[in-house]
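Residues 14 to 443 in the numbering used here are what the sequence shown spells out, letter by letter. Using N, Cα and C, we set each Cβ at its ideal position, and we do this for glycine too. Being a predicted model, the structure only gives us computed values, none of them experimental. Note sheet for the following structure.
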Amino acid sequence: MAVVCKNEHGWVVDHKQYLDQTYCRRNTQPYEGVLTSFQFQADLFNIKCPFMMDSQFEVTQESHSHMGATGELESSVKRKRKRKRKAELNYGEVKAAEYHDQIKDQVLTAVNTLLELGKEVGYFPTEKNLQDLDNNVRARAAVKSLGETDICTEESCYHGDFPSIKDQQGIILKHNDDVTMSSIVNRPVRYPRDDPAVVSVDNDLYLLPPRCSFLLSDFSRVNLLQTSTEFPRFDMIVMDPPWQNKSVKRLKKYYSMSNEDLLDIPIPRLGTDNSLVVVWVTNRWQHIQFVKDTLFPRWSVQFLAEWHWVKVTKACEMVYTFDSPHRKPYEVLIIGSCRKPKTETNSEGIDEETVSQERATSQIPVSKVIVSIPCCIHSVKPPLQEVMKEYLPPNPHCLELFARNLTPDWTSWGNQVLKHQHKIYFDAVT
Ligand SMILES: C[S@@+](CC[C@H](N)C(=O)[O-])C[C@H]1O[C@@H](n2cnc3c(N)ncnc32)[C@H](O)[C@@H]1O
14 MAVVCKNEHG WVVDHKQYLD QTYCRRNTQP YEGVLTSFQF QADLFNIKCP FMMDSQFEVT
74 QESHSHMGAT GELESSVKRK RKRKRKAELN YGEVKAAEYH DQIKDQVLTA VNTLLELGKE
134 VGYFPTEKNL QDLDNNVRAR AAVKSLGETD ICTEESCYHG DFPSIKDQQG IILKHNDDVT
194 MSSIVNRPVR YPRDDPAVVS VDNDLYLLPP RCSFLLSDFS RVNLLQTSTE FPRFDMIVMD
254 PPWQNKSVKR LKKYYSMSNE DLLDIPIPRL GTDNSLVVVW VTNRWQHIQF VKDTLFPRWS
314 VQFLAEWHWV KVTKACEMVY TFDSPHRKPY EVLIIGSCRK PKTETNSEGI DEETVSQERA
374 TSQIPVSKVI VSIPCCIHSV KPPLQEVMKE YLPPNPHCLE LFARNLTPDW TSWGNQVLKH
434 QHKIYFDAVT
């Protein structure tokens, strides 16, 4: 279970536990010679203290006595950072500050009550252990040790052929399969068993979660999700687009896409009449506006809700000071619903489109908060299955676009869709 506790404001989610349960074998009988479970590398979630530069951390070590009751720095560090900033805020920063002011009370109330609840159920410690602070050295070392091991490079997706009609029927993988990258690129792939599996792709080992499907392809082949009979219409489409921003460019973690390209994602043809569309947005105000004012109307998606994911440390603090003008400890989740393409009148003379939209609108709360300890790999998001379950039909068909991992019972698409399935991210436990 990913959800540790919940209240009327939202959920505390344990991402690491969710992964470990996903890759834990349920079947105690050896399956094709292997009886192994896997756990996601623990240090990748070993976030003990707020994110800061080493130089800043050293200053905080010296100024423990200046810690406030909430663990927030009231020290020279804050003052030092403030002094550094000479330039006036630009237009985007002013709008971002306005946005923050609008949402801050509601998000803070939610976070505070959820953290208290997390302490009550024993998930978070009730007291901060200052000896334990290490500026997340273990977590940072764990990320570094992963290096750039990633055979699912974006380039491999461009070289694949357009699949023939026969290939569009896809392939089914089983445990211990040994396949080449070129045999799975641009083809629907399915793993139907209830236990996790290990497969070899170009001699690298990858883990598959139970009952997953994927399409490893570039955006130019995204239409396969719609044309191949392997894929259903989806009840929920989640995406974390490769937004263009400075940190993606600097870190060179993946290719980004222009906002204009995102307009061409065929959402209306991928979703059902009422499917939910869930878009992760970085804190840039321009992106938030773009989703609401341009993307959603283009996709015929009606805006329903705006939720926030707040990242906290194991010691129950936010990873950045909440009101910091530079970095926010939260990311935004914008939720909408696909509109019916045409309206019909029901027996009571009421417009069917209005009825269905009202149904969806009344179900999705306008604001909610998800609190979790983040994975320290750049841009990894928490799992949404359990949180969204109550707003979806039973056994929903769900699709993640721009995925870097697979999800049980979901279809995942992207040019790095197997990246975080690589065995290097996991430890075997027998
Ligand atoms: C922000 S990341 C997604 C992160 C993901 N939510 C996670 O939790 O790991 C965006 C992904 O989109 C992929 N991407 C960028 N351009 C693409 C394209 N043209 N076609 C398919 N995927 C693309 C990137 O390679 C990257 O894997």
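Best match in the options for proximity to residue i [C-alpha to C-alpha]
i: S320; options: W312, K117, D207 and L128; result: One point to set straight first is that residue 320 is Trp, not Ser, in the sequence displayed. The residue with the shortest Cα to Cα distance from W320 is K117.
i: K19; options: T126, D191, K157 and Q182; result: T126
i: R447; options: I197, R297, A328 and K305; result: Residue numbering for the chain in the displayed model covers 14 to 443; residue 447 lies beyond these limits and cannot be assessed.
i: V458; options: L275, F335, R311 and G284; result: This structure cannot speak to residue 458, because the chain is shown only from 14 to 443.
i: G349; options: M401, S213, P387 and S271; result: M401
i: I184; options: V235, N216 and P201; result: P201
i: S385; options: A152, Q34, F58 and V192; result: F58
i: Q257; options: P223, P245, H300 and F232; result: H300
i: A155; options: E101, I60, F415 and K327; result: I60
i: D3; options: I197, N199, S177 and V212; result: Only positions 14 to 443 of the chain appear in this structure, which leaves residue 3 out of reach.
i: L317; options: V214, K324 and V304; result: V304
i: L221; options: F53, G160 and V393; result: F53
i: K187; options: E111, V214 and D147; result: V214
i: I437; options: D114, K157, E273 and P63; result: K157
i: Y404; options: Q376, A416 and T326; result: Q376
i: E344; options: G131, V120 and I178; result: V120
i: L412; options: G23, T285, M14 and I197; result: T285
i: A328; options: V314, P406, L159 and G131; result: G131
i: F247; options: F232, F335 and D422; result: D422
i: T420; options: V16, V25, V198 and Y31; result: Y31
i: N216; options: F227, M194 and N199; result: M194
i: R203; options: Q115, G23, D147 and E243; result: E243
i: I278; options: L238, N287, Q302 and Q315; result: L238
i: Y333; options: D33, C62 and L228; result: C62
i: E71; options: N148, N189, P209 and F335; result: N148
Three-state secondary structure (DSSP) of residue i
i: N20; result: strand
i: D145; result: helix
i: E399; result: helix
i: T35; result: helix
i: D286; result: strand
i: V393; result: coil
i: G135; result: coil
i: E413; result: strand
i: D114; result: helix
i: V72; result: helix
i: Q30; result: helix
i: A441; result: strand
i: V379; result: coil
i: S50; result: strand
i: T424; result: strand
i: S385; result: strand
i: V430; result: coil
Environment of residue i [buried if 16+ CB atoms lie within 10 Å]
i: D432; result: The residue asked about is misnamed: residue 432 is Lys in this sequence, not Asp. Per the 10 Å Cβ criterion, buried.
i: L9; result: Residue 9 falls outside the range modelled here, since the chain spans only 14 to 443, and no answer is possible.
i: S5; result: Outside the displayed span of the chain (14 to 443) sits residue 5, for which this structure offers no information.
i: I280; result: buried
i: F137; result: buried
i: M65; result: buried
i: H391; result: exposed
i: Q182; result: exposed
i: G105; result: exposed
i: K93; result: Reliability fails at K93, whose pLDDT of 48 lies under 50, so the model's placement of it is uncertain and no value is given.
i: T443; result: exposed
i: A55; result: exposed
i: P396; result: buried
i: L398; result: The sequence given here places Gln at residue 398; Leu does not occur at that position. Buried.
i: V323; result: buried
i: D27; result: buried
i: T35; result: buried
i: W426; result: buried
i: Q74; result: exposed
i: L102; result: exposed
i: I178; result: exposed
i: G135; result: exposed
i: I150; result: It should be noted that the sequence gives Val, not Ile, for residue 150. Its Cβ having fewer than 16 others within 10 Å, V150 is exposed.
i: S226; result: buried
i: M252; result: buried
Which parts of the segment 236–260 are runs of the alpha helix (DSSP H), unbroken and 4 residues or longer, counting only runs that do not cross its ends? 237–240
Which runs of the beta strand (DSSP E), 3 residues or longer, sit entirely within the segment 179–239? Those beta strand (DSSP E) runs which fall completely within the segment 179–239 and span 3+ residues are 201–204, 210–214, 217–221 and 225–229.
Within 5 Å of ligand 1: residues by beta-carbon to any heavy atom: D231, F232, D253, P255, Y267, Y268, M270, S392, V393, K394, F415, R417, G427, N428 and Q429
Counting only runs of 3+ residues fully inside the segment 290–356, write out the beta strand (DSSP E) ranges in chain order. As far as the segment 290–356 is concerned, its whole beta strand (DSSP E) runs of at least 3 residues are 314–324 and 343–351.
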